[in-house]
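Colleague: So the sequence shown is numbered by our numbering: it starts at 61 and just counts up by one.
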Amino acid sequence: MSGAPRLDVYYDYGSPFAYLAAELLPALAARHGATLVWKPLAIGTLGSYIRYSPLKGKYVVLDVQRSAAYHGIPLAPPKPFPVQSGLALRAALAAQDAGLFEKLHPLLFRATWAERRDVSSEAVVGQLIAAAGGDAADLLARARRPDTEERLAANAKEAEARGAFGLPSVFLGDELFWGVDSFPQLEWRLRERATAP
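#1: Regarding S75 and the ligand SAH, is the C-beta to nearest heavy atom distance less than 7 angstroms?
#2: Mind reading off the beta-carbon distance from Y70 to N215? Whole number of angstroms is fine, and I expect it under 8 angstroms.
#3: Give me the Cα-Cα distance between A151 and T172, rounded to the nearest whole angstrom.
#4: Taking three-plus beta-carbon pairs below 8 angstroms as touching, is the segment 153–172 in contact with the segment 219–227?
#5: What residue from D123, D157, R170, P134 has the CA that sits closest to V143's CA?
#6: Give the single residue among A64, R204, D178 whose Cα lies nearest to the Cα of V97.
#7: Below 8 angstroms on the Cβ atoms is my contact criterion, and I expect L212 with A102 to pass it. Report the Cβ-Cβ distance as a whole number of Å.
#8: According to DSSP, is M61 helix, strand or coil?
#9: Determine the contact status of T208 and L153, defining contact as a CB-CB distance below 8 angstroms.
#10: Out of curiosity, what's the CA-to-CA distance linking M61 and A94?
#11: Return the chain-ordered ranges of every alpha helix (DSSP H) run that is complete within the segment 210–247 and spans a minimum of 4 residues.
#12: So which of L115, E175, P206 has the shortest CA-CA distance to Y79?
#13: Based on DSSP bridge pairs, tell me the residues matched to Y71.
#14: Hey, H92 and A256: beta-carbon distance below 8 angstroms or not?
#15: Between which two residues does the alpha helix (DSSP H) harbouring P181 extend?
#16: Report yes if the CB atom of A148 is closer than 8 angstroms to the CB atom of V179, and no otherwise.
Take a look at the structure:
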């Protein structure tokens with residue numbers, strides 16, 4: 061099949077599995093010549109999202125810790141939790157417009173899930189923008205604009221219309237791969253597409 065495959069990745073900085081995905085997907089995409097298109101959204105705005113029961117919540121904590129250890133990804137569960145990710149998500153959209161996303165995106169995830177920094181703080185996000193080489197005042201101003209919030213909501217509607225119900229959701233064309241556990245099948249599908257006539 062001709063042309064570079066495109067992977068649309070819907071994510072939230074408040075999701076531990078999206079953090080793991082963000083650490084794993086760049087290498088996966090590079091192995092297959094795929095393009096990653098990151099689409100931030102607030103997970104709570106997915107109408108089909110179902111919150112965990114207490115038993116499932118307890119298991120998810122174990123699963124995140126085990127998965128991070130398995131993949132060799134640093135993990136320090138954030139405080140406070142749940143993560144208030146709205147500012148970080150809006151900053152990510154502003155960074156996409158400013159050409160700074162590729163540098164800022166991993167810093168936002170690692171600050172949240174490996175460094176226990178509070179990304180709901182403008183001071184923290186401003187420091188991360190500066191560390192990525194951006195103008196913190198400019199990007200934070202862009203992040204506050206109403207149209208930036210509207211774009212987040214549009215991403216959530218788009219994700220749900222495509223069948224997403226949780227994060228991370230990765231789409232290869234119309235095919236959904238949900239969560240890090242699906243990545244072996246995603247790689248299999250990418251290999252299959254590469255050899256298709």
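Ideal Cβ positions, reconstructed from N, Cα and C, are used throughout, including at glycine.
Modeller: In short, the structure shows the following:
#1: You won't find the ligand SAH in this model; it holds no ligand whatsoever.
#2: 7 angstroms
#3: So the alpha carbons of these two residues sit roughly 14 angstroms apart.
#4: no
#5: R170
#6: A64
#7: 6 angstroms
#8: Any answer about M61 is weak, because its pLDDT of 47 lies below 50 and its placement is not dependable; what the coordinates show is given next. DSSP places M61 in coil when its eight states are reduced to three.
#9: yes
#10: Reliability of the predicted coordinates at M61 is poor, the pLDDT of 47 falling under 50, and no value is obtained from them.
#11: none
#12: Nearest of L115, E175, P206 to Y79, Cα basis: E175.
#13: P100
#14: no
#15: According to the sequence as given, residue 181 is Ser; it is not Pro. From DSSP, S181 is part of no alpha helix (DSSP H); its letter is neither H nor E.
#16: yes
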